[in-house]
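S.K.: Shown below is the structure under consideration.
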């Protein structure tokens with residue numbers, strides 16, 4: 001039983017996510033057939049799995065929700081806010097219930113009450129058709145009278161506006177309704193797919209002079225094509241003043257009854273659910289194979305040295321063959337860990353929807369490229385930094401509507417989340433059309449924070465100046481807190497992206513918006529490492545960081561202020577000692593030549609002196625997890641051929 | 657002022673709320689010869705529409721973009737052009 005519930009929880013959460021993603025997509029694009037089908041399937045499957053347990057009320061709600069989606073599929077009801085809002089409410093409710101169900105196997109009392117409320121929201125829909133079910137619900141006489149005016153209204157409507165099922169509305173505003181702030185014609189105007197309106201006066205115009213302008217004397221009758229639920233939603237504040245009648249379209253009715261029985265398209269399943277830890281084990285084994293294979297190289301060396309050149313050649317040949325296979329194996333297993341970015345992206349529509357409502361800003365979120373895939377760790381770790389950037393855009397980037405209007409911008413703000421694949425890397429843009437950042441202010445704040453001298457500041461390009469928002473500590477500077485609040489925590493964003501092996505850049509134009517570009521690896525690929533020795537210990541450095549290695553005579557080092565430098569091809573390059581950076585005991589280097597790695601730090605080259613350069617290795621570097629994550633200067637760990645763990649240094653962090 | 661009188665024309669401009677109904681009705685009751693110009697209005701409260709339907713003055717506008725959906729505007733128009 002427990003296992004069954006656990007399985008249910010996993011599946012239900014997935015289905016909830018699927019349905020909520022589909023519904024939000026439908027809200028933006030009601031004509032999206034695929035999303036409608038997908039939402040229906042999710043609801044259908046969810047109902048099915050709920051049916052395994054004693055969750056009657058939830059079953060009823062989901063059944064009703066599925067029914068509505070099935071009607072929408074048949075084209076019987078429109079896909080619009082009035083349909084989607086209650087369905088989203090159902091999905092959210094299901095999501096909230098899952099934890100409780102796992103614990104107790106049932107719904108709480110509160111949740112059961114919510115169920116009946118949700119059920120009410122859903123059932124007041126087009127399912128009742130007065131003309132076909134004269135004895136369903138209302139007394140027959142009442143509906144016959146009601147239909148009278150409705151049919152007359154239908155007759156008044158120009159024939160070419162008819163078609164589809166219609167809702168007839170008779171709205172007799174209360175005479176005192178103006179005092180309640182009602183604006184009846186505006187209310188009617190908000191009805192979905194309004195086709196026809198007739199106005200009349202309850203009482204004939206009085207003698208002039210006796211007219212009370214604040215007494216409502218209107219009767220409004222209207223026909224609209226929207227689903228009953230949407231009409232009811234639009235009129236929810238004045239239920240006592242309106243009468244509604246649904247007028248079914250005979251043609252639609254006939255076709256609807258053909259398609260309503262919910263039948264799922266039979267699809268052969270081509271996927272299977274595998275626990276991610278199993279795939280991780282495979283990857284670990286593949287990683288160990290990589291290192292095991294590396295030990296063949298010294299073996300071949302031994303064979304050659306002991307005079308057996310042919311054995312050495314054979315070992316070498318096997319090594320190459322194994323290397324190829326291990327590479328393929330590793331590629332295949334990493335492929336199994338790839339998931340679409342959608343897993344992180346799909347949480348944003350809801351977030352933006354809720355936050356923008358809370359902030360009172362109208363904001364559209366456009367998502368593109370959510371099908372681009374990357375390693376599961378990368379996709380999942382991306383959510384936090386993305387969230388940070390999107391929140392910044394919502395809070396500080398996008399201006400309030402009145403400010404936007406003054407700036408001749410469209411009143412609705414826009415955030416564009418776009419992903420694309422570039423070779424073995426992915427690029428993600430997060431662009432907003434908000435107020436942008438003031439480079440001059442960033443520059444000034446950078447000077448105030450001592451990040452740059454006042455003399456150097458003006459020489460900085462607009463773009464370079466903006467990058468200071470990523471500087472650690474810049475965030476807390478009170479001087480920039482009103483600087484669209486942007487600096488806040490962006491150093492954290494940069495660090496988490498860099499930990500994933502990525503980079504983050506920002507461009508901003510004041511008044512026009514800001515764009516963040518994240519560049520990340522698709523997966524944690526095997527990378528060539530340079531193994532170096534310093535202070536008696538060995539460390540790995542990614543070859544990608546090293547521009548060249550250089551042997552430096554001790555006497556060519558020149559002291560420059562507090563530091564040291566040397567000249568390489570007519571350029572002065574600062575020299576740092578890795579032992580100092582790692583706080584390891586320094587070797588007496590005065591007499592010897594120095595081994596120096598030339599690495600790039602920002603826009604400058606820096607020389608880093610090490611004791612020895614040991615070897616090169618193809619290894620798989622995994623990012624640090626848990627407590628180790630907080631250790632600065634360490635990019636990850638890798639296994640060496642001799643089975644030892646090697647720390648891989650993050651040079652940029654060490655230098656900075 | 658969103659309801660203003662200039663020569664023979666009552667002009668509704670901008671957002672005309674329910675509170676303007678009084679002013680409009682005063683003009684319309686005091687002078688039956690007045691015309692009403694809706695072209696500068698951006699929104700008109702039902703109370704004002706109702707006053708127009710009661711007094712049926714000659715009306716110019718409203719101008720596009722529509723203040724209300726076509727179906728509502730044409731209902732008002734039909735009402736106003738219907739013989740008493």
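Residue numbers (the numbering used here), protein chains in the order written: chain A, 1 to 656; chain B, 657 to 740. Glycine included, C-beta positions come from ideal geometry on N, C-alpha and C.
1. Following the continuous alpha helix (DSSP H) through residue 445(A), name the residue where it begins and the one where it ends.
2. Against chain B, with Cβ distances strictly below 8 Å, would residue 8(A) count as a contact?
3. Would residue 431(A) pass as a contact of residue 367(A) if the rule is Cβ separation under 8 Å?
4. Do you know how far the Cα of residue 43(A) is from the Cα of residue 460(A)?
5. Under 8 Å between C-beta atoms, does residue 362(A) make it to chain B?
6. Output, in sequence order along the chain, the residues in the segment 364–390 of chain A whose CB is closer than 9 Å to any CB in chain B.
7. Please decide whether residue 485(A) counts as near chain B, where near means a Cβ-Cβ distance under 8 Å.
8. Measuring only the C-alpha atoms, how far is residue 30(A) from residue 224(A)?
9. What are the boundary residues of the alpha helix (DSSP H) that includes residue 218(A)?
10. Compute the minimum distance between the beta carbon of residue 703(B) and the heavy atoms of the ligand FMN, and state whether it is under 7 Å.
11. When the Cβ atoms of the segment 377–391 of chain A are set against those of the segment 337–351 of chain A, are three or more pairs found closer than 8 Å?
12. Check residue 513(A) in the structure and name its three-state DSSP category.
13. Below 7 Å on C-beta distance, what does residue 678(B) contact in chain A?
14. In the DSSP output, what is residue 171(A) paired with across the bridge?
15. Report back the beta-carbon spacing between residue 398(A) and residue 360(A) to the nearest angstrom; my notes put them in contact at under 8 Å.
16. Taking C-beta pairs closer than 7 Å, name the residues in chain C that residue 32(A) reaches, listed in chain order.
17. What are the residues of the segment 173–187 of chain A that lie near chain B, defined by any Cβ-Cβ distance shorter than 9 Å?
18. In whole angstroms, what separates the C-alpha of residue 610(A) from that of residue 585(A)?
19. Please state if the CB of residue 638(A) and the CB of residue 595(A) are separated by a distance shorter than 8 Å.
20. What residues from chain B crowd round residue 662(A), counting only those whose CB sits closer than 9 Å?
21. To the nearest angstrom, how far is it from the Cα of residue 738(B) to the Cα of residue 160(A)?
22. Between residue 198(A) and chain B, is any beta-carbon pair separated by less than 8 Å?
23. So, is the C-beta of residue 131(A) closer than 8 Å to a C-beta in chain B?
24. What would DSSP say about residue 21(A), mapped onto helix, strand or coil?
25. Residue 201(A) and residue 217(A) - do their beta-carbons sit closer together than 8 Å?
26. For residue 424(A) versus residue 522(A), is the C-beta spacing smaller than 8 Å?
27. Just to confirm the assignment, what range does the alpha helix (DSSP H) spanning residue 404(A) have?
28. Going by C-alpha distance, which of 113(A), 545(A), 651(A), 495(A) is nearest residue 633(A)?
29. For the alpha helix (DSSP H) that residue 313(A) lies in, which residues bound it at each end?
30. Report the neighbours of residue 661(B) on chain A: residues whose CB is nearer than 8 Å to its CB, in chain order.
31. With respect to the alpha helix (DSSP H) encompassing residue 44(A), which residues constitute its N-terminal and C-terminal limits?
32. Using only CA atoms, which one of 90(A), 490(A), 511(A), 75(A) lies nearest to residue 64(A)?
33. Can you list the alpha helix (DSSP H) stretches of 4 or more residues lying completely in the segment 521–602 of chain A, in chain order?
34. Would you say residue 650(A) lies against chain B (beta-carbon separation less than 8 Å)?
35. Please look up how many angstroms separate the CB atoms of residue 39(A) and residue 55(A), rounded, as I've assumed it's under 8 Å.
36. Taking buried to mean at least 16 other C-beta atoms within 10 Å of its own C-beta, is residue 647(A) buried or exposed?
M.R.: So, from the data block:
1. Its alpha helix (DSSP H) spans residues 439–448.
2. Chain B places no beta carbon closer than 8 Å to that of residue 8(A), leaving this residue out of the contacts.
3. no
4. Cα to Cα, residue 460(A) sits roughly 56 Å from residue 43(A).
5. no
6. none
7. Reliability of the predicted coordinates at residue 485(A) is poor, the pLDDT of 43 falling under 50, and no value is obtained from them.
8. 18 Å
9. Looking at the DSSP string, residue 218(A) is not in any alpha helix (DSSP H); the run it does join, the beta strand (DSSP E), is 218–224.
10. In the structure shown, the ligand FMN is absent, as is every other ligand, since no ligand is present at all.
11. A contact is defined here as three or more CB-CB pairs under 8 Å, and the segment 377–391 of chain A meets this definition with respect to the segment 337–351 of chain A.
12. strand
13. Residues of chain A passing the Cβ test: 213.
14. 220(A), 242(A)
15. Actually they do not touch by this definition, with Cβ atoms about 11 Å apart.
16. Within the model displayed, chain C is absent; protein chains A and B are what it includes.
17. 173, 177, 178, 179, 181, 182, 183, 184, 185, 186, 187
18. 12 Å
19. no
20. In the structure displayed, chain A extends from 1 to 656; residue 662(A) sits before or after that span and is not available.
21. The alpha-carbon atoms of residue 738(B) and residue 160(A) are separated by roughly 22 Å.
22. Taking Cβ atoms only, chain B reaches closer than 8 Å to residue 198(A), which makes this a yes.
23. Low per-residue confidence applies at residue 131(A): pLDDT is 33, beneath 50, and the placement is therefore not dependable enough to give any value.
24. DSSP places residue 21(A) in helix when its eight states are reduced to three.
25. Annotated as proximal: residue 217(A) and residue 201(A), with beta-carbon spacing under 8 Å.
26. yes
27. Its alpha helix (DSSP H) spans residues 401–406.
28. A check of alpha carbon separations from residue 633(A) across 113(A), 545(A), 651(A), 495(A) identifies 651(A) as the nearest.
29. 309–336
30. Ordered by position in chain A, no residue passes the 8 Å Cβ test against residue 661(B), which lies about 16 Å from the chain.
31. Residue 44(A) -> alpha helix (DSSP H) spans 33–50.
32. 90(A)
33. 578–581
34. no
35. In this structure residue 39(A) is not in contact with residue 55(A), their Cβ atoms being roughly 21 Å apart against a cut-off of 8 Å.
36. buried
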